[in-house]
Amino acid sequence: MKKATNESVIIARHINAFLNKYVPSQKSHSSHTLKSYQYALALYIGFLEAEKGISAESLCGGCFSRITIEEWLQWLIEVRCCSPETCNNRLASLRAFLKYMGSREVRLLYLSEEATRIPRKKEVRKRVKGMSKKAVQVLLSVPDLSRKTGRRDLSLMIIIYSTAARLNEILSLKTEQLHLDADKPNVTVIGKGNKIRTLYLLPKALAHLKKYLKEFHGDTLDPEAYVFYSRNTGPHGKMSQTAVNKQLKKHAGAAHEMCSEVPRGLHAHQLRHAKASHWLEDGMNIVQISFLLGHEQLQTTMVYMDITIEQELKALATLEDEKDKKVSKKWKNQKGGLAGFCGVRSMKK
Numbered sequence: 311m312k313k314a315t316n317e318s319v320i321i322a323r324h325i326n327a328f329l330n331k332y333v334p335s336q337k338s339h340s341s342h343t344l345k346s347y348q349y350a351l352a353l354y355i356g357f358l359e360a361e362k363g364i365s366a367e368s369l370c371g372g373c374f375s376r377i378t379i380e381e382w383l384q385w386l387i388e389v390r391c392c393s394p395e396t397c398n399n400r401l402a403s404l405r406a407f408l409k410y411m412g413s414r415e416v417r418l419l420y421l422s423e424e425a426t427r428i429p430r431k432k433e434v435r436k437r438v439k440g441m442s443k444k445a446v447q448v449l450l451s452v453p454d455l456s457r458k459t460g461r462r463d464l465s466l467m468i469i470i471y472s473t474a475a476r477l478n479e480i481l482s483l484k485t486e487q488l489h490l491d492a493d494k495p496n497v498t499v500i501g502k503g504n505k506i507r508t509l510y511l512l513p514k515a516l517a518h519l520k521k522y523l524k525e526f527h528g529d530t531l532d533p534e535a536y537v538f539y540s541r542n543t544g545p546h547g548k549m550s551q552t553a554v555n556k557q558l559k560k561h562a563g564a565a566h567e568m569c570s571e572v573p574r575g576l577h578a579h580q581l582r583h584a585k586a587s588h589w590l591e592d593g594m595n596i597v598q599i600s601f602l603l604g605h606e607q608l609q610t611t612m613v614y615m616d617i618t619i620e621q622e623l624k625a626l627a628t629l630e631d632e633k634d635k636k637v638s639k640k641w642k643n644q645k646g647g648l649a650g651f652c653g654v655r656s657m658k659k
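The numbering of the sequence shown is the working numbering, which starts it at 311 and goes up by one.
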């Protein structure tokens, strides 16, 4: 077996340092961002090895040329059936790595510059299927409250819907982030970019949460325990998004039989979207909704909720009136191959 070249060793070291040192050290990068980078680089290395015949000995700067990256993007679409949005996310992750490597290896900086000129895939915006208040009520009536998992699922759905928080924000909640005895009961969530925001709880959600905590955590709360945890790992292991969405689909299937407005393939983000829509129906200003959703830009909320120009103008007019009121695929570890050499995981075929 031939020895790895000096350049291949350098590239492998940069991949390892990027994933294990640089990205985790950036405060604006969440654990999901790190996983996204890991996944994208693993896919790219896997493509180089399986489709281009690249090995640890032949890995070089040319493996990251614009032509090769464009072939990879096409492979993601044709072989892995990735959507344009997913391809763009994978490309962004690869660009971030090439920028990092180029800042440390000047002779490889051209790779980053080439990658920035690769056009993004045209995305077709998918409209989130909304749910009426009646549909939400039907959905919340489905969990079997005679079962412990049913009581947990109901509490989780109520909290997601009442706060309109992202699923990961709720699943990442630890009991120390709950302030249920405050004058205005609330929870503190950590959103995208590690930005903190406060979400207030109305009486119904508060009552359900307290009842849930009593049953699942007892009288004394461990500040480091996850509010919603995995049955397999206990209070110090949070539930996975996959597990939650699986349960939601099960409940949605039953609810759909009673109310066709409940989508069979329900995802947690549809509860978030539903609450935002209901806030709008109840007269809440779009800017307030944007803040509660944790969006940095108002335009993000407009697109997310499919707001019309007329609604936007009405919202802005309202603002002027109120301005003085202050309002996965499974992974496996492999010691050999290009993936092992670069320190990334390879996927099961």
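From the three backbone atoms N, C-alpha and C, an ideal C-beta is built for every residue, glycine too.
Where the alpha helix (DSSP H) through residue i begins and ends
i: His546; result: Premise fails: His546 lies in the beta strand (DSSP E), 544-548, not in any alpha helix (DSSP H).
i: Leu450; result: 443-450
i: Ile468; result: 458-473
i: Pro429; result: Per DSSP, Pro429 belongs to no alpha helix (DSSP H) and is neither H nor E.
i: Gln384; result: 376-388
i: Lys409; result: 394-414
i: Ala327; result: 316-327
i: Ala649; result: 647-652
i: Ser346; result: 341-361
Distance between beta carbons of residue j and residue i, contact taken as under 8 Å
i: Cys586; j: Val452; result: Sequence check: residue 586 is Ala here, not Cys. Actually they do not touch by this definition, with Cβ atoms about 22 Å apart.
i: Leu477; j: His579; result: 7 Å
i: Lys444; j: Glu591; result: At roughly 12 Å, the Cβ-Cβ gap does not stay under 8 Å, so Lys444 and Glu591 are not in contact.
i: Ile480; j: Ile469; result: 6 Å
i: Lys520; j: Leu490; result: 6 Å
i: Ile321; j: Glu380; result: Contact doesn't hold; Cβ gap of about 19 Å is too wide.
i: Ala535; j: His546; result: 6 Å
i: Val499; j: Ala515; result: Actually they do not touch by this definition, with Cβ atoms about 14 Å apart.
i: Ser346; j: Asn399; result: 7 Å
i: Trp382; j: Tyr354; result: 6 Å
i: Val654; j: Leu351; result: 5 Å
i: Tyr471; j: Leu581; result: 5 Å
i: Gly604; j: Lys494; result: So it is not a contact: roughly 19 Å between Cβ atoms.
i: Leu648; j: Leu369; result: 7 Å
i: Ala562; j: Pro573; result: 6 Å
Beta-bridge partners of residue i, as assigned by DSSP
i: Ser540; result: Gly544
i: Lys484; result: Tyr536
i: His489; result: Asn496
Residue range of the unbroken beta strand (DSSP E) whose run includes residue i
i: Val497; result: 496-500
i: Arg507; result: 506-510
Exposed unless 16 or more other CB atoms sit within 10 angstroms - verdict on residue i
i: Glu557; result: Per the sequence shown, the amino acid found at residue 557 is Gln instead of Glu. Buried is the call here.
i: Arg462; result: buried
i: Gln447; result: exposed
i: Thr473; result: buried
i: Val333; result: buried
i: Ala389; result: According to the sequence provided, residue 389 is Val. The question's Ala does not apply to it. So Val389 counts as exposed.
i: Met549; result: buried
i: Leu512; result: exposed
i: Pro533; result: exposed
i: Met441; result: buried
i: Asp634; result: Interpretation of Asp634 is limited by its pLDDT of 39, a score under 50 that renders its predicted location unreliable; no figure is taken from the coordinates.
i: Ser335; result: exposed
i: Ala517; result: exposed
i: Asp631; result: Annotation note: pLDDT 47 at Asp631 (below 50); position unreliable, coordinate value reported separately. Counting Cβ neighbours within 10 Å, Asp631 comes out exposed, since fewer than 16 surround it.
i: Ile596; result: buried
i: Met568; result: exposed
i: Thr426; result: exposed
i: Phe651; result: buried
i: Gly356; result: buried
Closer than 8 Å to chain D by CB, residue i
i: Gly528; result: In the displayed structure, chain D is absent; only one protein chain is listed.
Exercise. What are the start and end residues of each continuous alpha helix (DSSP H) run of 4 or more residues lying completely inside the stretch 520-604, in chain order?
Worked result: 551-568, 578-591, 596-603
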